[in-house]
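Numbering-wise (the numbering used here), the sequence shown opens with residue 4 and increments by one.
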Amino acid sequence: MTVLTALGALPLWARVLLPALVYLAVLFTAGLLAERSGSPLPGVVVLQLIAPVCWAVGGLVVL
Numbered sequence: 004m005t006v007l008t009a010l011g012a013l014p015l016w017a018r019v020l021l022p023a024l025v026y027l028a029v030l031f032t033a034g035l036l037a038e039r040s041g042s043p044l045p046g047v048v049v050l051q052l053i054a055p056v057c058w059a060v061g062g063l064v065v066l
């Protein structure tokens, strides 16, 4: 069983909520990276790279 198949078995509300939770976790981690480095650049770069991936995977899961 692949991950997408397993996620497809989840109820619709969970398939919608899961990407949002992943996105918030990444946002929190990016904020910690930015705070730790003293510059917002690392956190912003990480967030810009990972956010579209989170929403793309979330879109596939919802379908």
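For each residue, glycine too, the CB sits at the ideal point set by N, CA and C. These numbers come from a predicted model, not from an experiment.
In the DSSP assignment, P22 falls within the unbroken alpha helix (DSSP H) covering L15 to S40. Of L20, L15, V25 and A12, the smallest CA-CA separation from P55 is found for V25.
Taken through DSSP and simplified to helix, strand or coil, A54 comes out as helix. By the 16-neighbour rule on beta-carbons within 10 angstroms, A28 is exposed.
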